[in-house]
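First comes the structure, then the notes that go with it.
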Amino acid sequence: MTTTSPALGPLVAVYGLVGHDERLLVVRDSDAITYRLPGGFVRAGEAVEDALRRILREQVDAHAAHLDFCAAVELRNQHPGTQPTVFELALLFDVTLIDPSAVRVDHGEARWATDTELDHLDLRPTTLADRLRNGGPTREQPWWPARS
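Residue numbers (our numbering): -12 to 135.
What follows is the structure, encoded as structure tokens:
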């Protein structure tokens, strides 16, 4: 009999594609070496769009004028050893900020990255980063399943 470690999830997360002047906003925690899109987990009982608005305020002190759904991305985080695999359903939104110049971070870093810079940044989750680098979300392909 084969045993596998248990799986957790799916956890629901929300991420923002926040653009300004042909650049994309990426953030990094003060103790991290990798960048990520602004975003995080949706709390129990919280509406998805409310979660993204809350997270944008918490992470970059920014207020969203408009959110437009782009894609649903299935992420699988496999850990070595006995740690369970974590499944995440990430909802991706195109975000228009009320004032992009007001973006700031208390602990960590936020930066506006060009397409060329994004190609060289260690952007996580890698599945999402790879999809963004290879065309990003389209109306024809709003579902990005995890690859086995």
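Glycine included, C-beta positions come from ideal geometry on N, C-alpha and C.
Here's a check: name, in chain order, each residue in its chain whose Cβ is nearer than 7 Å to the Cβ of residue i, leaving out the five neighbours to either side.
i, result
"Ala49", "Leu43, Leu84, Ala89 and Val90"
"Leu108", "Val13, Tyr22 and Ala100"
"Asp55", "Phe80 and Asp81"
"Arg10", "Trp99, Ala100 and Thr101"
"Arg63", "Thr72, Phe74 and Ala133"
"Ala38", "Val1, Val29 and Arg30"
"Ala116", "Leu110"
"Gln65", "Thr72"
Determine the direct distance from the alpha carbon of residue j to that of residue i, and round the result to whole angstroms.
i, j, result
"Asp8", "Asp102", "12 Å"
"Asp18", "His94", "9 Å"
"Arg120", "Glu33", "30 Å"
"Leu105", "Leu(-5)", "30 Å"
"Leu4", "Pro(-3)", "22 Å"
"Trp130", "Thr113", "16 Å"
"Pro124", "Glu45", "25 Å"
"Pro67", "Pro87", "39 Å"
"Arg126", "Gln70", "36 Å"
In chain order, what residues of the same chain lie with their CB nearer than 6 Å to the CB of residue i, ignoring the 5 residues before and after it?
i, result
"Val(-1)", "Val29 and Leu76"
"Glu96", "Arg15"
"Arg111", "Thr21 and Arg23"
"His53", "Thr83"
At what residues does the beta strand (DSSP E) containing residue i begin and finish?
i, result
"Val60", "Ala51 to Asn64"
"Leu114", "A small fix is needed here, since residue 114 is Thr in this sequence, not Leu. Counting along the chain, Thr114 falls outside any beta strand (DSSP E), though it belongs to the alpha helix (DSSP H) covering Thr113 to Arg120."
"Val29", "Neither: Val29 is in no beta strand (DSSP E) and is coded neither H nor E."
"Val14", "Arg10 to Arg15"
"Ala77", "Thr72 to Leu84"
What distance in whole Å lies between the Cβ atoms of residue j and residue i, which are believed to be in contact at a cut-off of 8 Å?
i, j, result
"Val1", "Val47", "Rounded, the Cβ-Cβ distance is 14 Å, inconsistent with contact."
"Ala51", "Arg41", "Not quite, the Cβ-Cβ distance comes to about 10 Å (not below 8 Å), so this is no contact."
What residue does the alpha helix (DSSP H) around residue i start on, and which one ends it?
i, result
"Arg40", "Val35 to Val47"
"Asp106", "Asp102 to His107"
So, for residue i: in the same chain, excluding its five sequence neighbours on each side, which residues have a beta-carbon less than 8 Å away from its beta-carbon?
i, result
"Ala59", "Leu76, Ala77, Leu78, Leu79, Pro129, Trp130 and Trp131"
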